[in-house]
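J.: So the number in this note's numbering is just where the residue sits in the sequence shown, counting from 1, plus 25.
All residues carry an ideal CB built from backbone N, CA and C; glycine is no exception.
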Amino acid sequence: TGLTGLWLLLGAGASLVMTPSGRLLKRSCQPEDRPALFAAQFSLSHSCWLVTYPLAGWLGVNVGLTGTFALLGTIALAATALTALIWHKSDLRTLEHEHAAITHTHLHYHDEHHQHEHEGWEGPEPHRHSHHHFRGSHRHVFVIDDHHSQWPSQHKLR
Numbered sequence: 026t027g028l029t030g031l032w033l034l035l036g037a038g039a040s041l042v043m044t045p046s047g048r049l050l051k052r053s054c055q056p057e058d059r060p061a062l063f064a065a066q067f068s069l070s071h072s073c074w075l076v077t078y079p080l081a082g083w084l085g086v087n088v089g090l091t092g093t094f095a096l097l098g099t100i101a102l103a104a105t106a107l108t109a110l111i112w113h114k115s116d117l118r119t120l121e122h123e124h125a126a127i128t129h130t131h132l133h134y135h136d137e138h139h140q141h142e143h144e145g146w147e148g149p150e151p152h153r154h155s156h157h158h159f160r161g162s163h164r165h166v167f168v169i170d171d172h173h174s175q176w177p178s179q180h181k182l183r
């Protein structure tokens with residue numbers, strides 16, 4: 026009975042972690058970057074499991090299931106508390122931010138960031154060629170991408 030309750034608690038905890046993590050990853054990148062980001066998250070999570078599964082087995086044999094649950098639960102609780110401390114308190118979905126003038130080359134569509142003239146040789150979208158962005162400020166859903174290489178610091182936010 027105790028093991029069944031523990032199993033139920035672990036399943037509920039896994040669901041509470043896995044569901045929001047997928048939403049967080051989806052929100053953290055452009056649609057074209059999602060396969061790479063989800064692949065990286067998959068690799069990282071499985072690397073963690075590569076360590077914790079043998080650790081749980083070793084602890085279970087040497088410390089007992091109750092001690093193992095207490096120790097690994099404490100580690101999970103500490104990680105959750107650390108996340109609550111370091112996460113942005115005002116995590117806004119859209120941010121007004123500034124861009125410096127830049128000329129660069131990358132694969133792009135003509136969207137809100139890419140309104141420029143063509144010479145005719147660039148081909149169909151998406152296409153890659155050197156183009157210029159003027160200095161400016163705007164507001165939109167903010168993710169790290171080719172145009173936003175770092176999270177804006179608090180003093181840069183408007």
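1. What does the alpha-carbon distance come out to for the pair Ala-126 and Ser-70?
2. Out of curiosity, what's the CA-to-CA distance linking Ser-162 and His-138?
3. Kindly indicate which residue of Leu-107, Ser-46, Ser-155 has the alpha-carbon position closest to the one of Ala-65.
4. Let me know the secondary structure DSSP gives Asp-58 once reduced to three states.
5. What's the call for His-156, buried or exposed, on a 16-neighbour Cβ count within 10 Å?
6. Between the alpha carbons of Leu-75 and Leu-120, how many angstroms are there, rounded?
T.: Checking against the coordinates, here is how it stands:
1. C-alpha separation (whole angstroms): 38 Å.
2. Going by the C-alpha atoms only, they are around 11 Å apart.
3. Out of Leu-107, Ser-46, Ser-155, Ser-46 has the C-alpha closest to the C-alpha of Ala-65.
4. Helix, per DSSP.
5. With a 10 Å radius around the Cβ and a threshold of 16 neighbouring Cβ atoms, His-156 comes out buried.
6. Cα-Cα distance, rounded: 38 Å.
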